[in-house]
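K.L.:
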Amino acid sequence: MVIRVTGVKSEEGIEYTISYPYTHFITEEERLEIYKKFGTINIWVGLPAIVGAKMCVEGEAEKGVIGPECLDPIKFLKKMADMGAPVKFRETVSKEIIISQK
1 MVIRVTGVKS EEGIEYTISY PYTHFITEEE RLEIYKKFGT INIWVGLPAI
51 VGAKMCVEGE AEKGVIGPEC LDPIKFLKKM ADMGAPVKFR ETVSKEIIIS
101 QK
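Residue numbers for the sequence shown follow full-length UniProt numbering, beginning at 1 and rising by one.
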């Protein structure tokens, strides 16, 4: 998954790119550790739903029907990590600079 956000900062165009790899468990040891913890290595559907539900129950989200984008992303990722799911992502910031003759 890749998320790109473009905008303006200090009157200059800027783009943030965050990539979230699907290959979370590279080594056999990582896969075994996750399997021992959860009974499966396919945790990327159920676990985020559980974390979101816990945030709602614990009062960390508005009541009623809400979209996942309404949850605090930092709290969400921290809870994912606290439950034992490693959270790894790469953030890249790039800025385009144009130098031209006057």
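Think of the CB as a built atom: it goes at the ideal place given N, C-alpha and C, for glycine as much as any other residue. Since this is a predicted model, take the numbers as computed values, not measurements.
In whole angstroms, what separates the C-alpha of residue 27 from that of residue 81?
P.N.:
Against the sequence shown, residue 27 aligns to sequence position 27. Against the sequence shown, residue 81 aligns to sequence position 81. Each residue's alpha carbon lies about 18 Å from the other.
K.L.:
Does residue 32 pass the burial test, meaning 16 or more other C-beta atoms within 10 Å, or should it be called exposed?
P.N.:
If you number the sequence shown from 1, residue 32 lands on position 32. Exposed, since its Cβ has fewer than 16 Cβ neighbours within 10 Å.
K.L.:
Kindly indicate which three-state DSSP category residue 74 falls into: helix, strand or coil?
P.N.:
Walking along the sequence shown from the start, residue 74 turns up at place 74. Residue state, collapsed to three classes: helix.
K.L.:
Measure the CB-CB distance between residue 73 and residue 52 and report whether it falls below 8 Å.
P.N.:
Here residue 73 refers to the residue found at position 73 of the sequence shown. Here residue 52 refers to the residue found at position 52 of the sequence shown. No, these two residues do not count as a Cβ contact at 8 Å.
K.L.:
Report the partner residues of residue 7 according to the DSSP bridge assignment.
P.N.:
Taking the sequence shown and counting its residues from 1, one reaches residue 7 at position 7. 14.
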